[in-house]
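Q:
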DNA sequence: GTGGGTGTTTAGAATGATTCAAAACCTCAA
DNA sequence: TTGAGGTTTTGAATCATTCTAAACACCCAC
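Residue numbers (the numbering used here), protein chains in the order written: chain A, 148 to 296; chain B, 148 to 296.
#1: In this structure, how does DSSP classify residue 187(B) when only helix, strand and coil are distinguished?
#2: According to DSSP, is residue 154(B) part of a helix, a strand, or is it coil?
#3: Locate the beta strand (DSSP E) running through residue 278(A), then write down its first and last residues.
#4: Return the residues of the segment 173-193 of chain B that lie within a Cβ-Cβ distance of less than 9 Å from chain A, sorted by chain order.
#5: Residues in its own chain within less than 6 Å of residue 257(A) by CB, not counting five upstream and five downstream?
#6: Could you check what DSSP says for residue 163(A) in three-state terms: helix, strand or coil?
#7: Please classify residue 188(B) as buried or exposed, where buried requires at least 16 neighbouring CB atoms within 10 angstroms.
#8: Determine which residues share a DSSP beta bridge with residue 247(A) and list them.
#9: Taking the alpha-carbon positions, what's the residue 149(B) to residue 198(B) distance?
#10: What's the gap between the Cα of residue 240(A) and the Cα of residue 237(B)?
#11: Under 7 Å, Cβ to Cβ, is there at least one residue of chain A near residue 195(B)?
#12: Is the CB of residue 278(A) under 7 Å away from at least one CB in chain B?
#13: Suppose the cutoff is 8 Å on Cβ atoms and the five residues either side in sequence are ignored; what does the same chain contact list for residue 200(A) look like?
#14: Reducing DSSP to helix, strand and coil, say where residue 194(B) ends up.
#15: In or out: residue 165(B) buried (at least 16 other Cβ within 10 Å) or exposed?
#16: Kindly indicate if chain B contains any beta-carbon less than 7 Å away from that of residue 233(A).
#17: Who pairs with residue 211(A) in a beta bridge, going by DSSP?
#18: Any beta-carbon of chain A closer than 7 Å to the one on residue 171(B)?
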C-alpha cells in the first residue's frame with residue numbers, strides 16, 4: 148500500500164500544479180505518491196495497478212491524465228518520448244538523432260568515437276552495453292523555411 | 148518512383164541476408180531501395196506508401212517483415228527501439244537510462260554536466276535542443292540473480 | 001518434370017497502448 | 001443556489017504492430 152505524501156512532497160505537487168492553474172486532487176496525490184514510492188520506471192498500467200490499491204475507484208484514463216499533467220508541469224519525466232511510429236534508417240555509422248519538434252523531421256548527428264567512449268565509461272561495472280541510443284529534441288532555427296530533405 | 152538498387156547495393160543486401168540464411172526477394176529489394184532513396188527516417192507506413200509505387204501488390208505486413216529482417220541482419224537501424232509502454236520516473240536530475248534486456252529493468256545513469264555539454268556541442272548551428280534522451284541497452288552481469296528493487 | 005520442404009508473402013483478424021467523447025462530479029465564487 | 005471550471009469516469013475509437021492461416025515461390029532430390 149502506498150504511503151501518503153509527506154508535507155514536502157505535497158508542497159512540490161501543489162506548487163508545480165499551481166503553475167498551470169491546476170489543482171491538487173486526491174487522484175493526483177495518489178498517482179504522484181506511487182511514482183515516488185518505487186522508482187522503478189513503472190508503465191502507466193503499473194502505476195494504475197499500484198494506485199488502485201489505495202484508491203480502488205481510480206480509472207486508467209485518470210492515470211493517463213495525471214501523468215500527462217505531471218510531465219506538462221515538469222514534475223515527472225517520460226522515459227519514452229518517442230511514442231510515435233517506429234522509424235528506420237540505413238545509416239549504420241554510429242549517430243544520434245535530432246528531432247525537430249516543429250516539423251517532425253529527424254536529422255542524423257554524427258557521433259565521434261570519444262563521445263561513445265565517454266558515455267560507456269559512465270556505466271557502473273557489470274553493465275555491458277550493446278547499443279546506445281541518443282536523441283535530441285528541439286527546434287531548428289528557420290525550420291519553417293527548410294525545404295531540404 | 149524508386150530507383151532499382153545498383154550492383155553494389157544489391158550485393159550488400161544479398162550478403163547481409165545470406166548470414167541468416169535468408170534470400171533476396173523482389174519485395175526486399177524494393178523496401179531496401181526505398182530506405183536508400185530518401186534518408187528521411189520514414190515510418191513503416193511511409194515506406195509502405197513509397198514502395199507501393201513500384202510494387203502495387205505489396206502488403207503492409209511484408210514491409211514489417213522486411214524491416215524486421217533488415218534490422219536483424221544489421222542492414223538498417225531502428226530509430227525508435229522503445230516501442231513498449233511509456234515509462235515514467237520522478238527523477239528530474241539529468242540522467243540516462245540503462246535497460247537490461249534480460250530483465251526489462253531500467254536503471255538510472257547519472258549524467259555529469261560535461262557530457263551534456265559535449266553532446267550539445269555536436270549539433271550544427273541553428274539546432275536548439277530542449278531535451279536529450281540517452282538510453283543504453285544491454286545486460287548486467289549476474290542479472291539473472293538480481294533480486295533487488 | 002514432379003513432389004516435398006522451406007522460407008516468404010498476403011489478407012485480415014487480433015492485440016495492446018493510448019486517446020477521445022460525453023456525461024457525471026466537485027468546488028469555488030457570485 | 002446557480003454556474004463555470006477544471007477533473008474524473010466509462011466506454012468507444014484509433015492506430016501501430018503482431019499474429020494466423022492460407023497461398024506462393026523456389027530449390028533440390030528423385
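Every residue, glycine too, gets a C-beta built ideally from N, C-alpha and C.
All of these numbers come straight from a predicted model, not from anything done at the bench.
A: Checking against the coordinates, here is how it stands:
#1: coil
#2: Secondary structure at residue 154(B): helix, using DSSP grouped into helix, strand and coil.
#3: 274-287
#4: Result list: 179, 182, 183, 185, 186, 187, 188, 189, 190, 191, 192, 193.
#5: Excluding residues within five positions, the ones whose Cβ falls inside 6 Å are 242.
#6: helix
#7: buried
#8: 285(A)
#9: 7 Å
#10: 33 Å
#11: no
#12: yes
#13: 148, 149
#14: helix
#15: exposed
#16: yes
#17: Residue 211(A) is not bridged to any residue.
#18: No, residue 171(B) lies away from the interface with chain A (no Cβ there is under 7 Å from its Cβ).
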